[in-house]
Each structure stands twice: as structure tokens, then as C-alpha cells.
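Asks:
Residue numbers (this note's numbering), protein chains in the order written: chain A, 1 to 92; chain B, 1 to 300.
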């Protein structure tokens, strides 16, 4: 489980490119591609700025009409997936 | 005897005569790729299975019953046929297909399975699509209406300044037997493609454009039962990326060549720079009517 203070970074073997607001992650070790839609891209924009999970959620709550509990669930789910695919890792 | 050809944006020298590309006479300039056909390999080297192997700067490509191609650092291809009585046209088919895709990838060019048509504003449109969607037939329909084309099957793209260019290939379009009827052609007048009894080289010399062209769009031709009329759908960034990725020519060679990372950067750039569309077309629509529809909507 992540804490509010956790931030994230791209894994060393991962490259990312922004294509008209969509994102593609490329795992150079496995030669695998992962596409992320524009919502994921907004998430990535903030992760990249090394925002903590707490800051990330706060920004999203301001920007989108969603309650905090739901936002927390959705965001951690996406982060879990990205970590499971070894695209990003948490920074403690 | 030496022969010189220009195709896919490179100048090649060969020691045997090629059938499909246009020969350059009295050429004295620099050569990009040196191609030589040698004596057949000894029986000991024959293999019952095809393979691709990396050996330092070289790639060995073995095509069962045809030849071993050694492709060196984007500059040289040596060919050793498997049997004494080989067919030069068959060698050429694999040379300009698989072996060339490797040498072009080694030269950091982007190679896609798509054809390239010159639109009325002189910009080039690329057409990709599943096998059987009718890419070549569509290219032929464009030719019949007076449009020029740069390539029927394989499009080689490169970036110069901020623009993307596509290089001309050779002045033939490969058509299936059942596509010839659209153009009132008969198979007895055309040379069959080796190993493809029902496919023929159709010569469109007059419509062939031998200068590179600026690319302005990529279309995926999609035969669909869900539509009654053609329909053009703009693809998102992610969909455009997937379209380019899916249509890399002989993508299975890229990991053997260690070029996946390079390809990632190139495709990302292409997907950002060149807009992509899906062109849904009902099954029953003839290639000529697709051209007419595109003209009516000012897409071409």
C-alpha cells in the first residue's frame, strides 16, 4: 500500500513518449510497448514532476469532478498496474 | 558485368540483372549497397530450416530452397543460392523483400508495409491495411485515374528537416488474378510472381513517380461489413502509434537487429507528425469507387 508521501519515477529501462496527449511506454529490456490514454497521460504529467501521491490526488480532485475515495482507488489501481509492468517504481 | 539501380532511397550495384527496378545507365556516382550473387553453397551448408542469425555487424538470412543472404552493416549483400539451377527472379523476390528490409533497417530507414500515392496537391498518401483489404488494387485504381505512385508494397520513410519523405520503389504493382478484372486486364499479358500462381506483375511505368515525395497522411484501408458507405475516422495518438507499429515491414527482424529502441523513437515521431486515418469501406465497393469517393470528399 502506498503512503501519501510516496512519489514515483520511471524505471531505468523504460522510455516514454507523448503522442498528441496519449502516452506510449516502451520497456527496452522486454521489447514491450504499453499504451496509456489521455487520463493516464494527465497522471503521468504529475508523476513526472515528482509529486507525492497526496499532491497528485489533490490536483486531480481540483481538476475532475470525483470524490476523494474513488480518486484514490482509481489512481492507486493504475499505479499498481504500472509498477507490476515494471514501468515505474515508488521512491521512498 | 555491373548493373546500377535506384530504389527505396538507395543506389545499389549488382553483378546480375534485376527485373523489377529501373536500371541506371552509365552511372558513375557513389554506391550505397553492393550486391553480389555467388556460386551455390556447398551441400554441407544447406539447411532444411530458414533462419536469421546475427554475426557482429552482419545478418545471415537463410530462405529454405532459395539462398543464404549475408547482409553486412547496411552496405553489402552477398547471395549464395542453394541449388545450381536457381531462378534469378526467385532470388530477386527475396532480395528485394526480406533481405532488403534488413539492409534498410540497418541503414536506419523506416520500412513500412504500405503503398504510396501522389495526391493532387503533390503530397503523398500512404495506404496500409490487412492482407486482402485491397491495397494494391486501390493503387492500380489510382493509376488508372491518372494519379502517380511511388511504391506498391513497401514504403521507405525518412525524415529530412521537419518533413517525412517516402522513397520510390519500382514501376510494378503486384495484382491477384481476380483483381485484374477491375482493369479489364488478362493474366496472359503479365508475368506471374514466383511462388504465387495467381499473382502478377502489372507494369504501370507511366504512372511511376521516380522522385521522393512529402508524406501528408497515412490511411488504414479497412474492409468492413458494418458500413454501407465509406467513412474516414481520424486516429488518436495511441492508435496512430499502433498503426505504424503494426505495419513495420518484417518487424520480426527488428529485435534480431537490436533496433527496437530506435524504432520506438521513430514511430513516436511519425505518429506525432503524420496524421493517421482509418478508411472504412464496404466489402462490395470497387477500387474505382473508393477513388471517386475520396475525390468527392477532397481527401486526395
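A virtual CB, placed ideally from N, CA and C, is assigned to each residue, including glycine. Just so we're clear, the structure is a prediction, and the values are computed from it rather than from any experiment.
Check the C-beta distance from residue 198/B over to residue 177/B and give it rounded, since I have them as a contact under 8 angstroms.
Replies: That pair is a contact at about 4 angstroms.
Asks: So is residue 184/B buried or exposed if we call it buried at 16+ other beta carbons inside 10 Å?
Replies: Under this definition residue 184/B is an exposed residue.
Asks: Return the CA-CA distance between residue 223/B and residue 36/A, expressed in angstroms with no decimal places.
Replies: Each residue's alpha carbon lies about 27 angstroms from the other.
Asks: Let me check one thing: in DSSP terms, what residues is residue 35/A bridge-paired to?
Replies: DSSP output for residue 35/A lists 24/A as bridge partner(s).
Asks: For a cutoff of 9 angstroms on Cβ pairs, would you count residue 10/A as touching chain B?
Replies: No - not a single Cβ of chain B is within 9 angstroms of the one on residue 10/A.
Asks: Are the CB atoms of residue 60/A and residue 78/A within a distance shorter than 9 angstroms?
Replies: Their beta carbons are not under 9 angstroms apart, which means residue 78/A does not touch residue 60/A by this criterion.
Asks: What residues match up with residue 18/A in a beta bridge as DSSP calls it?
Replies: DSSP lists 23/A as partners of residue 18/A.
Asks: Could you please give the first and the last residue of the uninterrupted beta strand (DSSP E) stretch that includes residue 54/A?
Replies: Taken as a continuous stretch (DSSP letters only), residue 54/A belongs to no beta strand (DSSP E), being part of the alpha helix (DSSP H) at 53 to 63.
Asks: For residue 274/B, which of 136/B, 163/B and 119/B has the nearest alpha-carbon?
Replies: Ranking 136/B, 163/B and 119/B by Cα distance to residue 274/B puts 163/B first.
Asks: For the beta strand (DSSP E) that contains residue 77/B, what are its first and last residues?
Replies: That run of the beta strand (DSSP E) goes 76 to 81.
Asks: Label residue 46/A either buried or exposed according to how many other C-beta atoms from any shown protein chain fall within 10 Å of its C-beta, with 16 as the threshold for buried.
Replies: Under this definition residue 46/A is a buried residue.
Asks: What residue range is occupied by the uninterrupted beta strand (DSSP E) comprising residue 6/B?
Replies: Looking at the DSSP string, the run of the beta strand (DSSP E) that includes residue 6/B is 3 to 7.
Asks: Name, please, each residue of chain A whose Cβ falls closer than 7 angstroms to the Cβ of residue 128/B.
Replies: Going along chain A, no residue has its Cβ under 7 angstroms from residue 128/B, so there is no contact; the nearest lies around 17 angstroms.
Asks: Using only alpha-carbon positions, find the residue among 34/A, 70/A, 38/A and 5/A that is nearest to residue 21/A.
Replies: Comparing Cα positions, the closest option is 38/A.
Asks: Who pairs with residue 127/B in a beta bridge, going by DSSP?
Replies: In DSSP, residue 127/B forms a bridge with 115/B and 219/B.
Asks: Just to confirm before moving on: does the CB-CB distance between residue 291/B and residue 128/B stay below 9 angstroms?
Replies: No, they are not a contact pair.
Asks: Show which residues of chain A have a CB atom less than 9 angstroms away from the CB atom of residue 217/B.
Replies: What residue 217/B touches in chain A: nothing, since even the nearest Cβ is about 14 angstroms away.
Asks: Could you tell me which chain A residues have their CB closer than 8 angstroms to the CB of residue 245/B, listed as they occur along the chain?
Replies: Per Cβ cutoff of 8 angstroms: 33.
Asks: For residue 94/B, report the span of its alpha helix (DSSP H) as first-last.
Replies: Unbroken alpha helix (DSSP H) run through residue 94/B: 88 to 94.
Asks: What are the boundary residues of the beta strand (DSSP E) that includes residue 265/B?
Replies: From DSSP, residue 265/B is part of no beta strand (DSSP E) but of the alpha helix (DSSP H) over 260 to 273.
Asks: How would you write the range of the alpha helix (DSSP H) that residue 100/B sits in, first residue to last?
Replies: Residues 100 to 106.
Asks: For residue 19/B, which of helix, strand or coil comes out of DSSP?
Replies: Of the three classes helix, strand and coil, the one that applies to residue 19/B here is coil, per DSSP.
Asks: Would you kindly report the start and end of the unbroken beta strand (DSSP E) that includes residue 109/B?
Replies: Segment: none, residue 109/B is in no beta strand (DSSP E) and carries neither H nor E.
Asks: Cα-Cα, which of 209/B, 221/B and 240/B is closest to residue 133/B?
Replies: Closest option to residue 133/B, Cα to Cα, is 221/B.
Asks: So does the segment 22 to 38 of chain B actually touch the segment 6 to 14 of chain B, counting three or more Cβ pairs closer than 8 angstroms?
Replies: Result yes; three or more Cβ-Cβ pairs closer than 8 angstroms.
Asks: What residues in the segment 248 to 274 of chain B have a beta carbon less than 8 angstroms from any beta carbon of chain A?
Replies: Residues 255, 260, 261, 264, 265, 268, 271 and 272.
Asks: Rounding to the nearest angstrom, what Cα-Cα distance links residue 66/B and residue 87/A in this structure?
Replies: The straight-line gap from Cα to Cα measures roughly 43 angstroms.
Asks: In chain order, what residues of the same chain lie with their CB nearer than 6 angstroms to the CB of residue 81/B, ignoring the 5 residues before and after it?
Replies: Same-chain partners within the cutoff: 40 and 67.
Asks: Once you ignore the five residues that flank residue 237/B on each side, which residues in its own chain have a CB closer than 8 angstroms to its CB?
Replies: Same-chain partners within the cutoff: 271 and 272.
Asks: Which full runs of the beta strand (DSSP E) of 3+ residues lie inside the segment 162 to 202 of chain B, going along the chain?
Replies: Runs found: 163 to 167, 172 to 176 and 191 to 193.
Asks: Expressed to the nearest angstrom, what Euclidean distance is found between the alpha-carbon atoms of residue 112/A and residue 251/B?
Replies: Absent from the model: residue 112/A. The displayed extent of chain A is 1 to 92, so no value can be given.
Asks: Tell me the DSSP secondary structure of residue 28/B in three-state form.
Replies: Coil at residue 28/B, not helix or strand.
Asks: Output yes if chain B places a C-beta closer than 9 angstroms to the C-beta of residue 94/A; else output no.
Replies: An answer regarding residue 94/A cannot be provided, because it is not within the stretch 1 to 92 covered by chain A.
Asks: If I measure Cβ to Cβ from residue 62/B and keep anything under 7 angstroms in the same chain, skipping five residues before and after, which residues do I get?
Replies: Result list for residue 62/B: 47, 50, 51 and 68, in chain order.
Asks: Have a look at residue 181/B and residue 85/A and give me their C-alpha separation to the nearest angstrom.
Replies: Rounded to whole angstroms, residue 181/B to residue 85/A spans 51 angstroms at the Cα level.
Asks: By a C-beta neighbour count over all protein chains shown, 10 Å radius and 16 as the cutoff for buried, is residue 157/B buried or exposed?
Replies: The residue is buried, with at least 16 neighbouring Cβ atoms inside 10 Å.
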